[in-house]
Amino acid sequence: MPEARPVIHVVDDDDSFRRAVGRWLRAAGFAVRPYASAAEFFQGRVAGTPGCVLADMRMPGMSGLDLQAALAKTPDPLPVVFLSAYGDVPTTVRAMKHGAEDFLTKHASREDLLAAVRRALERDARERADRAHRQSLRGRLASLTQREREVLALVVQGKLNKEIAAELGIHERTVKFHRTAITTKLEVQSVAQLTRLVQEAGILP
Amino acid sequence: MSASSWLRRVPVSCRRFMGPAVLAGLSFMFPTAGNAAPVPDGPRRVLILHSFGQHFQPFADVATIFRTELAAHSAEPIDFVDVSLEGARLGDGIDDRPVGDYVRALAAQHPIDMVVAVGSPAFRFCLGYHDKYFPGVPVLGAGIDRRHMDGVDLGSHTTAVCVDIDLVQLLDGVLQVLPATRHVGVVIGNSPIEAYWAAELQRAWKPYGDRIDFDWYDGLTLTQIRERVAALPEHSAVVFTLLDVDGAGVPYEHNRALDAVHESSSAPVFGMFAPELGKGVVGGRLVDVQGVGEQSATTARRILDGESPDAIPPLTVPTLAPAYDWRELKRWGIDAALLPPGSDVRFRAPTALERYRGQVLLVAALVLIQALVIVLYATNRLRLKAARARLAASERSAQELRRELTHAGRVSLLGQFTASLAHELGQPLGAVLRNAEAAEIFLEGDAPDLDEVKDILRDVRLDGQRAGDVITRMRSLYGRHDVDVQPLAWVDVVSAVQAIVRHEARVRRIDIQVDTPPDLPAILGDRIHLQQVLLNLVANAMDAIDAAGADERLVTVRARATGDGFVECSVSDSGVGIDADQAVGIFEPFVTTKEKGMGMGLPISRAIVEVLGGRLWAESPPDRGATFCFTVPVCAREEQHA
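Chains A and B, in that order, are what the protein sequence lines are.
The first sequence begins at 1 in my numbering and counts up one residue at a time.
The second sequence begins at 1 in my numbering and counts up one residue at a time.
Put into structure tokens, the structure is as follows:
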């Protein structure tokens with residue numbers, strides 16, 4: 001069941017550290033879900049719930065980097081903050097290159113860790129809103145009527161109202177009405193924006 | 001020039017005076033419009049063509065507001081004539097054309113000034129039969145959804161006041177205030193126009209199919225719908241769209257259906273039209289029915305004043321800003337923080353605080369002062385307790401670890417295993433730190449859970465022990481140490497070394513395989529020194545693999561009983577092996593093949609093995625990696641037992 005409140009997923013094969021960081025996050029007011037492995041995390045997570053992942057770098061089976069790569073491919077990714085008992089430079093660089101939100105040692109200061117978690121949650125909220133907006137726009141494009149699609153196809157080809165009216169065999173006034181409906185529906189101000197949106201969504205042939 | 005554009009040019013002040021003449025002109029040009037001479041200064045006649053009977057929602061509200069507004073803003077009396085189509089309601093191919101004949105007959109006796117079509121079915125009827133039944137009479141569509149403007153070509157006599165029913169926004173609005181929603185029950189009726197909307201809803205909501213289970217109630221009777229909404233699972237919402245005719249063909253006028261659904265529903269009910277707010281729906285961005293009625297009246301007034309519909313572009317009344325019913329938000333526990341910014345929350349009941357502000361503040365102040373005194377006293381005690389616990393925890397862990405780490409750092413071979421050591425210590429250290437911080441926060445709370453704090457202290461103790469074991473292992477290896485020969489199990493020596501190199505090997509992606517026969521006899525030797533020898537050989541093997549850069553990255557540690565009183569241990573690598581030239585010098589001090597090596601490892605190892613009564617040598621078969629072997633005497637007592 002997706003929840004509105006963000007959840008911090010702690011993925012670490014070290015039982016004691018997992019318990020400790022879980023307590024620490026709960027004390028700081030976060031909702032926490034612990035997992036002993038990346039596989040457990042993928043089985044247990046509820047897609048659609050906002051949050052972030054705190055993952056150990058080295059774990060048996062899928063490593064932290066593997067988890068990050070697999071998560072990025074899902075339709076509902078989360079930012080990953082890596083925690084390592086001891087961070088070596090090449091692994092850190094690799095993790096950051098693949099979009100890790102942060103890379104900290106397990107005994108990092110309270111302030112650093114808290115700031116990293118907050119940044120990850122902010123990033124998740126931002127990316128989640130972007131995704132929702134895109135989905136909503138896709139829905140809107142899908143909800144255009146047949147005639148609006150016809151008009152839209154001609155508008156993005158750069159045709160004038162008069163030409164569109166002639167092509168579709170309707171009054172220019174009717175064309176204007178449909179155009180207003182399309183731009184209101186898709187929340188765009190200009191033909192350029194409209195064209196870009198249509199290209200991004202790829203709804204027209 | 002058409003009659004209407006001619007009318008437009010006549011000054012308004014003259015128009016009433018000229019009224020009869022104009023109407024006479026109309027009847028001359030369009031004989032069907034009637035031959036009877038109009039009564040001078042008689043009422044203007046507006047025919048309201050209903051789509052769906054006169055009392056079905058939301059059409060009834062549009063019509064009522066329209067006639068009220070038009071009458072209020074007209075100087076002359078208005079005669080409203082109500083005629084209703086039934087095809088959109090009853091279906092079954094009902095032919096509405098006799099209604100047209102009736103209108104024509106009516107207009108012949110009493111000329112009609114304009115036709116207002118409420119809802120899309122009536123509007124379509126006007127567009128199709130205008131020329132046949134009331135030619136030349138201006139037509140205004142009121143409350144036409146923009147979808148029905150599709151394929152419509154507005155002639156010169158027609159205009160419309162439209163609405164934009166945004167079905168995606170409707171569902172987004174539900175998900176915004178109830179993000180956990182997984183089930184949505186969709187209340188929709190069964191008449192032809194409702195069937196049209198059911199299809200539109202399914203099309204618009206299809207992209208949400210992977211998130212939400214939709215339960216469609218079209219085709220059900222109102223009784224069945226009530227049963228379904230009463231039995232919805234957790235995380236459900238009900239969207240009430242249109243229910244004017246149910247699956248059994250029973251019509252529901254006014255708001256009877258909404259009342260019934262609201263009464264039965266076990267989940268929050270959402271609607272589409274503004275007049276539903278306050279009648280049981282939660283709210284959201286609703287269709288401005290009042291605005292449609294008012295705007296239609298304004299447009300009708302302009303047409304009655306002589307403007308041609310041709311000159312009035314069809315316009316769309318925007319959806320209202322989000323508005324919610326406070327009582328419903330409270331009933332379903334919807335967090336006000338989830339409402340879109342700028343939401344209007346109506347029907348708010350005054351809170352106890354608002355009602356008894358003065359008394360509440362006074363009592364609260366007294367309680368607060370009292371509580372403050374108690375809390376100050378209690379927290380002082382708790383702080384003292386917490387400070388003691390923290391001191392105990394950190395004394396056992398961090399300080400001790402740091403001091404020991406500094407000491408161990410002095411030892412030369414340790415350099416190679418810094419990362420391993422840091423990792424082995426970092427794990428418990430991190431846990432101790434997080435646990436101590438969590439305990440601190442818990443103890444600062446109002447009612448600290450002492451059981452939780454007890455658990456934390458237990459974990460801190462265990463982690464302290466764990467870190468302590470790592471330190472002990474390292475210390476014993478690298479601290480000063482006199483030779484102490486004891487009977488030993490070889491497997492203990494191997495596993496201690498394995499624990500030290502495990503992390504390093506993982507990082508360098510080297511596989512370390514240990515092959516110890518289960519029946520290997522006990523050996524006689526110095527545990528610490530044997531660990532040092534083995535560690536040195538394994539470290540060399542790992543370096544040889546890195547130097548070779550081969551795909552196969554394997555170190556094998558084997559042991560076997562030689563049968564003549566010794567156990568022979570070997571460490572093989574998958575590196576490049578040793579040249580014949582090098583093989584001579586490798587056991588000499590300061591001879592090394594490594595950039596950073598000191599060349600002390602093998603000489604020390606050989607010395608240790610010889611002190612213990614064994615031998616150490618190298619083998620390098622051609623085209624394979626190197627193997628280093630050493631022997632250790634078997635424990636004599638053990639041999640006698642065997």
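Glycine residues also receive a C-beta, built at the ideal position from the N, C-alpha and C atoms.
The structure presented is a predicted model; accordingly, all values stated were derived computationally and were not measured.
- Secondary structure of B:ALA393 (DSSP, three-state): helix.
- Judged by their CB atoms, B:GLU194 and B:ASP218 are nearer to each other than the 9 Å cut-off.
- Less than 9 Å divides the Cβ of B:ALA63 from the Cβ of B:GLY293.
- Taking the Cα of B:SER74 as reference, the smallest distance to any Cα among B:ASP145, B:ALA496, B:LEU304 is reached at B:LEU304.
- Under DSSP, B:THR159 takes part in a beta bridge, and its partners are B:LEU140.
- Interface residue (Cβ-Cβ distance to chain B less than 9 Å): A:ALA100 is not classified as such.
- B:ARG527 is the residue among B:ARG527, B:GLY445, B:ASP623 whose C-alpha sits nearest the C-alpha of B:LEU612.
- Beta bridge pairing from DSSP links B:VAL501 with no other residue.
- Contact note: A:GLY44 does not reach chain B at a C-beta cutoff of 9 Å; the least C-beta distance is about 17 Å.
- For B:ASN536, the closest of B:ALA160, B:VAL555, B:LEU429 by C-alpha to C-alpha distance is B:VAL555.
- Using a Cβ-Cβ cut-off of 7 Å, B:ALA387 is close to nothing in chain A; its nearest Cβ partner there is about 17 Å away.
- Put simply, of A:GLU101, A:ARG173, A:ARG138, A:ALA115 the residue whose alpha carbon is nearest the alpha carbon of A:LEU197 is A:ARG138.
- In chain order, GLN57, PRO58, ASP61, LEU286, VAL287, VAL289 place their CB closer than 8 Å to the CB of B:PHE273, counting only its own chain and leaving out the 5 sequence neighbours on each side.
- Excluding the 5 residues flanking it on each side, B:PRO322 has same chain C-beta neighbours closer than 8 Å at GLY173, GLY283, GLY284, ARG285, LEU339, PRO340, GLY342, SER343, ASP344, in chain order.
- Residue-level contact by beta carbon holds for B:THR316 and chain A, with a gap shorter than 9 Å.
- What B:LEU338 touches in chain A, judged by beta-carbon distance under 9 Å, is ALA4, going in chain order.
- A distance of 9 Å or more separates the beta carbons of B:PRO309 and B:VAL163.
- Under the three-state reduction of DSSP output, B:LEU49 falls in the strand class.
- Bridge pairing for B:VAL287: B:PHE273 [DSSP].
- The DSSP-derived three-state label of A:TYR86 is coil.
- Identification of residues in the region 206–218 of chain B having a C-beta nearer than 8 Å to some C-beta of chain A yields LYS206, PRO207, TYR208, ARG211, given in sequence order.
- With a threshold of 9 Å between beta carbons, B:VAL432 makes contact with chain A.
- Counting other Cβ atoms within 10 Å of its Cβ, A:LYS185 reaches 16 or more and is therefore classed as buried.
- Not one beta carbon of chain B lies nearer than 9 Å to the beta carbon of A:THR183.
- Counting C-beta atoms within 10 angstroms of its own C-beta, B:LEU384 has fewer than 16 neighbours from the protein chains shown and is therefore classed as exposed.
- Interface flag for A:ALA55 against chain B is unset, since no Cβ pair is found closer than 9 Å.
- Residues of chain B whose Cβ lies closer than 7 Å to the Cβ of A:ILE170 are, in chain order, ASP153.
- Per DSSP, the unbroken alpha helix (DSSP H) holding B:TYR196 starts and ends at 192–205.
- Taking a 10 Å sphere around the C-beta of A:PRO75, we find fewer than 16 other C-beta atoms and assign the residue as exposed.
- When the Cα atoms are used, B:VAL83 and B:PHE52 turn out to be separated by approximately 10 Å.
- Taking a C-beta distance under 9 Å as the contact criterion, B:GLY525 and B:GLN498 do not qualify as a contact pair.
- For A:LEU186, not one C-beta of chain B is nearer than 9 Å to its own C-beta.
- For B:MET149, at least one C-beta of chain A is nearer than 9 Å to its own C-beta.
- Inter-residue distance for B:LEU258 and B:VAL229 is about 12 Å (C-alpha atoms, whole angstroms).
- For A:ALA28, the residues of chain B that pass the 8 Å Cβ criterion are ILE441, in the order they occur in the chain.
- For B:ILE456, the nearest CB of chain A lies under 9 Å from its own CB, placing it at the interface with that chain.
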